[in-house]
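Here the structure is laid out as structure tokens; the discussion comes afterwards.
In full-length UniProt numbering, the protein residues as written are 1 to 455.
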């Protein structure tokens with residue numbers, strides 16, 4: 001078990017939590033809060049593009065909304081871990097909740113409600129900063145409070161809560177509320193989920209007052225900027241990290257890009273699904289992830305992380321992306337075959353489970369910076385997926401965008417052949433990733449004038 005000790009005058013020793021079923025007990029309500037918050041954040045993902053076009057805007061404009069959202073989310077994802085360490089996880093989570101609520105109210109009231117595209121772009125883009133502040137601040141809290149040898153299960157739990165909220169509940173719930181109440185009431189409903197999650201996390205999680213004091217007053221601005229910029233230095237200095245970053249950006253293009261174009265395609269007269277049917281197809285995509293994440297983790301540890309990602313991830317996603325388009329195109333209105341296509345896409349996307357372990361394994365002496373690069377890649381994927389869809393959907397249509405995604409997946413498969421990686425023998429991807437997250441926190445603390453000790 002490890003305890004992080006802060007040398008005076010910063011803070012007293014950080015208390016590790018008791019673990020129950022792999023979850024830190026003192027953060028139990030925080031896990032539930034993540035599911036609630038991410039439900040609210042994800043409710044509109046699968047239908048917003050369709051609704052925006054219904055009220056008179058073009059598919060390209062709908063894509064621009066997702067693109068600006070992805071850009072701000074990318075920036076926030078990169079900065080949130082350091083912000084949580086410097087200013088305190090509870091404070092950053094509270095800011096993420098309040099920021100989300102204010103921007104969402106403005107987005108609905110001044111943007112969608114008034115059919116003002118500039119206001120929609122402004123406030124939806126600003127809202128993109130919010131969820132990474134909440135989620136990754138809690139992620140930091142988990143790493144800080146969990147003994148290193150139990151971190152894999154604790155991290156697994158938080159991603160399960162993320163998937164439960166953002167993927168499963170947020171996809172299936174609108175399939176019932178939209179027919180009953182309409183699009184706008186469903187969008188307003190998401191506000192209640194986010195506020196409930198934020199309040200639950202900030203009001204129920206208790207910690208020692210001496211631990212809760214933020215470090216901002218003790219750390220110079222220069223030191224904070226150095227910590228934030230370390231990941232960029234690693235990209236320039238380490239060729240394999242740079243190549244891995246490219247593959248990290250590409251791996252989730254369809255995950256973030258398909259919500260821009262597929263709601264319009266699946267509900268078009270050509271394909272013939274209703275909006276509730278599309279939402280259930282999209283929900284099926286997330287429904288299998290808790291199981292497939294575990295299965296791919298076990299397979300990757302046996303056959304090799306890069307080999308799995310190359311053939312089952314990138315090559316698999318190229319085929320699955322094409323299937324997700326062509327199956328409903330060739331068999332319109334067939335729910336069974338459409339769900340099969342969604343499950344195929346989910347199966348291949350989840351083959352990227354080892355991605356989090358690749359970065360710290362490439363740069364074992366700079367694990368904190370390596371994890372930051374991985375987070376940056378995830379954020380850039382959130383931006384680039386919608387950006388490509390927005391850029392090419394008008395000229396090349398949905399089919400053209402799908403071809404571009406498939407080509408990039410195949411390019412990434414080739415790039416993996418040039419990444420030099422010594423996979424640790426006998427260690428699972430989750431163990432390596434969890435250990436790296438712990439090391440990242442320790443490195444950040446040391447850079448900010450904090451000493452860590454193992455006991």
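For glycine and all other residues, C-beta sits at the position ideal for the given N, C-alpha and C. All values derive from a computational prediction rather than experimental measurement.
Under 7 angstroms, do residue i and residue j count as touching if we go by C-beta distance?
i           : j           : result
residue 263 : residue 70  : no
residue 357 : residue 284 : no
residue 405 : residue 321 : yes
residue 378 : residue 351 : no
residue 279 : residue 171 : yes
residue 62  : residue 74  : no
residue 33  : residue 201 : yes
residue 199 : residue 141 : no
residue 67  : residue 390 : yes
residue 419 : residue 243 : yes
residue 190 : residue 129 : no
residue 261 : residue 174 : no
residue 241 : residue 234 : yes
residue 168 : residue 286 : yes
residue 250 : residue 410 : no
residue 421 : residue 255 : no
residue 499 : residue 177 : There is no way to answer for residue 499, as the model of the chain reaches only from 1 to 455.
residue 81  : residue 136 : yes
residue 78  : residue 293 : no
residue 259 : residue 52  : no
Could you give the first and the last residue of the continuous alpha helix (DSSP H) run that contains residue i?
i           : result
residue 137 : 130–145
residue 251 : 239–251
residue 118 : 117–127
residue 400 : 367–416
residue 340 : 335–349
residue 36  : 28–42
residue 327 : 316–330
residue 52  : 48–54
residue 356 : 355–362
Please report the distance separating the alpha-carbon of residue i from that of residue j.
i           : j           : result
residue 331 : residue 401 : 20 angstroms
residue 288 : residue 166 : 14 angstroms
residue 415 : residue 247 : 7 angstroms
residue 333 : residue 346 : 20 angstroms
residue 55  : residue 182 : 13 angstroms
residue 19  : residue 372 : 26 angstroms
residue 47  : residue 222 : 43 angstroms
residue 145 : residue 115 : 46 angstroms
residue 111 : residue 60  : 17 angstroms
residue 272 : residue 266 : 7 angstroms
residue 162 : residue 403 : 29 angstroms
residue 229 : residue 381 : 20 angstroms
residue 317 : residue 309 : 10 angstroms
residue 100 : residue 158 : 20 angstroms
residue 58  : residue 119 : 16 angstroms
residue 457 : residue 91  : Shown here, the chain extends from 1 to 455; a query on residue 457 therefore has no answer.
residue 125 : residue 187 : 16 angstroms
residue 107 : residue 122 : 8 angstroms
residue 451 : residue 413 : With a pLDDT of 45 at residue 451, under the threshold of 50, the modelled position of this residue cannot be trusted, and the question is left open.
residue 395 : residue 388 : 12 angstroms
residue 392 : residue 359 : 31 angstroms
residue 132 : residue 85  : 14 angstroms
residue 113 : residue 276 : 23 angstroms
residue 369 : residue 179 : 47 angstroms
residue 102 : residue 383 : 22 angstroms
residue 143 : residue 27  : 11 angstroms
residue 12  : residue 301 : For residue 12, the predicted structure reports a pLDDT of 44, less than 50, and the residue's modelled location is therefore unreliable. The matter cannot be settled from this model.
residue 353 : residue 367 : 18 angstroms
Does any CB atom of chain D fall closer than 7 angstroms to the CB of residue i?
i           : result
residue 147 : Reference to chain D is not applicable here, since this structure consists of a single protein chain.
(message) Is it the case that the segment 92–112 contacts the segment 289–304, given that we only count it when at least three CB pairs across the two stretches are under 8 angstroms?
(response) no
(message) I'd like the ranges of any alpha helix (DSSP H) spanning at least 4 consecutive residues and lying wholly in the segment 249–305.
(response) 253–266, 275–287, 289–303
(request) Report the residue ranges of all alpha helix (DSSP H) runs contained in full by the segment 148–206; include only those spanning at least 4 residues, in chain order. (result) 151–162, 170–181, 183–204
(request) Please list the segments of the alpha helix (DSSP H) lying wholly inside the segment 58–98, counting only runs of 4 or more residues, in order along the chain. (result) 59–87
(message) Below 8 angstroms, how does it come out for the segment 33–42 and the segment 177–197: are there three or more Cβ pairs, yes or no?
(response) yes
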